[in-house]
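In our numbering, the protein residues as written are 7 to 342. Cβ atoms here follow ideal geometry from the backbone N, Cα and C, with glycine treated the same way. All remarks here apply to the structure that follows.
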Ligand code: AVI
């Protein structure tokens, strides 16, 4: 067995910008661009400020939001098989892109520790707070696991890993996060991940599968209105960070599933004709009554689509792990 590290390794912070621009300037630019489009559109990555991240935690516990529970079940019922594959060729880095609180990954970490697998755990997340909390909780719960948290964007982290930790890699991209990309962007994203991997490396990706449309619809339009709050929080964030003057109850959440494309789309709809000024952009945006702002896509897949997506990006499916009801899959890829 490899030597186990029991001391707390300092976190790597790659989040500081090199080009002098701030996150706020990027936010203002994206909002200005998105609200100037004929079909208004705001990027869903801006959902996750502090309040938005808390709301997303609540969403994951909602009865209608089956995704998290289903993936948890996939991990729980396949942990031995998954971990044996990961550890089949000596030491590896387990890289968790968008780790958050690592609720599901901890199932694998416990299993790997129990198997005495030779690995270190590299959670990557843009949130420094989340990485600090995760490092602390792992120090208490699993002190035998070597942890090196990285704060920053995925590709900066992969670049850093390539330069600093060059052993075999198993990359986790869980929670159906791939589903939030536009099709073309998901290809570019996976091709980019592939460019940091070599023969023997693996990718485990969590994908939400096609199913009864009503079930999908309810997951994104829950009875308690938490998803509606999560969507509207984007306007609250624009108000707070960019000096926007959105009146939240003059917009409503609307979600619709297209079963032909397998895409859940979310919108904010203006309930009346109105003008909204945003101070940081120094511009007023006009909304017609019932005009929509598109805020999110959540793609649902057939396994065949995942296989094709993988092939396009240089990955072959090794194993598909399902929950019992086949709502969700975690797909293990090797590099081709
Ligand atoms: C983070 N992502 C995978 C979630 C999803 O299911 O698309 C975000 C979300 N949006 C509304 N509910 C949850």
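Neighbour-count burial assignment, residue i, 16 or more Cβ in a 10 Å radius
i: residue 135; result: exposed
i: residue 250; result: buried
i: residue 290; result: exposed
i: residue 96; result: exposed
i: residue 79; result: buried
i: residue 306; result: buried
i: residue 43; result: exposed
i: residue 67; result: exposed
i: residue 304; result: buried
i: residue 115; result: buried
i: residue 82; result: exposed
i: residue 146; result: exposed
i: residue 10; result: In this prediction, residue 10 has a pLDDT of 39, which is less than 50 and means its spatial position is unreliable; what the coordinates show is noted afterwards. Per the 10 Å Cβ criterion, exposed.
i: residue 29; result: exposed
i: residue 191; result: exposed
i: residue 333; result: buried
i: residue 142; result: exposed
i: residue 172; result: exposed
i: residue 170; result: exposed
i: residue 110; result: buried
i: residue 189; result: exposed
Beta-carbon proximity list for residue i, same chain, < 8 Å, skipping 5 on both sides
i: residue 87; result: 325 and 327
i: residue 339; result: 208, 209, 210, 211, 316, 321, 322, 323 and 324
i: residue 268; result: 216, 305, 306, 307, 308 and 311
i: residue 193; result: 315, 318 and 319
i: residue 241; result: 250, 252, 254, 257 and 274
i: residue 12; result: With a pLDDT of only 40 at residue 12, under the threshold of 50, the placement of this residue in the model should not be trusted, and no figure is reported.
Range covered by the beta strand (DSSP E) that runs through residue i
i: residue 212; result: 208-214
i: residue 70; result: Residue 70 -> no beta strand (DSSP E), and no H or E assigned at all.
i: residue 324; result: 321-328
Residues of its chain near residue i, where Cβ-Cβ distance is below 6 Å and the 5 sequence neighbours each way are ignored
i: residue 123; result: 93
i: residue 98; result: 125, 174 and 176
i: residue 329; result: 76, 79 and 80
i: residue 179; result: 103 and 211
i: residue 21; result: 157 and 158
i: residue 204; result: none
i: residue 228; result: 68 and 70
i: residue 164; result: 202
Per DSSP, the bridge partner or partners of residue i
i: residue 274; result: 259 and 299
i: residue 292; result: 281
i: residue 103; result: 130
i: residue 157; result: 19 and 131
i: residue 177; result: 101 and 209
i: residue 269; result: 264 and 305
i: residue 152; result: 126
i: residue 227; result: Answer is none; residue 227 lacks a bridge partner.
i: residue 47; result: 300
i: residue 250; result: 284
Same chain only: Cβ atoms within 7 Å of residue i, ignoring 5 sequence neighbours per side
i: residue 200; result: 319, 320, 321 and 341
i: residue 45; result: 300
i: residue 237; result: 259, 272, 274 and 301
i: residue 168; result: 202
i: residue 166; result: 18, 20 and 156
i: residue 16; result: none
i: residue 7; result: Residue confidence for residue 7 is low, a pLDDT of 40 falling below 50, so the modelled location carries little weight; the figure read from the coordinates is stated next. Hits under 7 Å: 122 and 124.
i: residue 265; result: 219
i: residue 195; result: 187
i: residue 280; result: 256 and 293
i: residue 313; result: 323
i: residue 55; result: 243
Integer Cβ distance of residue i from residue j, believed to fall under 8 Å
i: residue 152; j: residue 129; result: The Cβ separation is near 12 Å, so there is no contact.
i: residue 252; j: residue 213; result: Contact doesn't hold; Cβ gap of about 33 Å is too wide.
i: residue 61; j: residue 239; result: 6 Å
i: residue 298; j: residue 72; result: Not a contact, Cβ separation roughly 26 Å.
i: residue 117; j: residue 89; result: 5 Å
i: residue 287; j: residue 31; result: Not confirmed; about 11 Å, so no contact.
i: residue 284; j: residue 248; result: 5 Å
i: residue 52; j: residue 243; result: 6 Å
i: residue 113; j: residue 85; result: 5 Å
N- and C-terminal bounds of the alpha helix (DSSP H) containing residue i
i: residue 53; result: Counting along the chain, residue 53 falls outside any alpha helix (DSSP H), and DSSP gives it neither H nor E.
i: residue 189; result: 189-201
i: residue 119; result: 111-120
i: residue 344; result: In this structure the chain extends from 7 to 342, so residue 344 is not present and cannot be described.
i: residue 40; result: 29-42
Check: residue i C-beta below 7 Å from any heavy atom of ligand 3
i: residue 203; result: For the structure depicted, ligand 3 is absent and the ligand set comprises only ligand 1.
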